[in-house]
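In terms of the working numbering, the sequence shown opens at residue 6 and continues consecutively.
Heads up, the beta-carbon is just placed ideally off N, CA and C, and yes, glycines get one too.
Take a look at the structure below.
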Amino acid sequence: MKLFLPIGCILVLLLAACDDNEDQAKEVNKNGSIEVSLSTAHIDSLQEQVTTHYTVWRKGVKVREFNKKDTVPALGSLYTEGENDNGDTKDVKVKKEYEFYVTVK
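Below, the structure written as structure tokens:
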């Protein structure tokens, strides 16, 4: 019984830490900020394009907006189970997607 309380607390903390929307901004501070969005697009079976879109805000005014594009190797494809509107399932081939991890200093 003495071990149940610490293990229960650790379990609750781990579950609480898994919230994906925890660090998501609700609104951009337009008095002085740089808004960044990242996206990828499939070019062909060997390459993907990564686009970084920047919007610079100062004193409530959009000062500058620009894109930076780069080409990276494609991750290939994988087979996964898909379901149609009728509930029928079958294995389908889909392209793998890059995950984004952002570090802000």
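Asked	Found
Counted within 10 angstroms of its Cβ, other Cβ atoms place residue 53 as buried (16 or more) or exposed	buried
Beta carbon of residue 3 nearer than 8 Å to that of residue 58	Residue 3 lies beyond the stretch modelled for the chain, which goes from 6 to 110, so this question has no answer here.
Classification of residue 100 by the beta-carbon crowding that lies within 10 angstroms, buried from 16 upward	exposed
Nonlocal neighbours in the same chain, by C-beta distance under 8 Å from residue 55, ignoring five residues either side	43, 44, 45, 74, 75, 76, 77, 103
Residue range of the unbroken beta strand (DSSP E) whose run includes residue 56	52-63
Under the three-state DSSP convention, the category residue 92 falls into	coil
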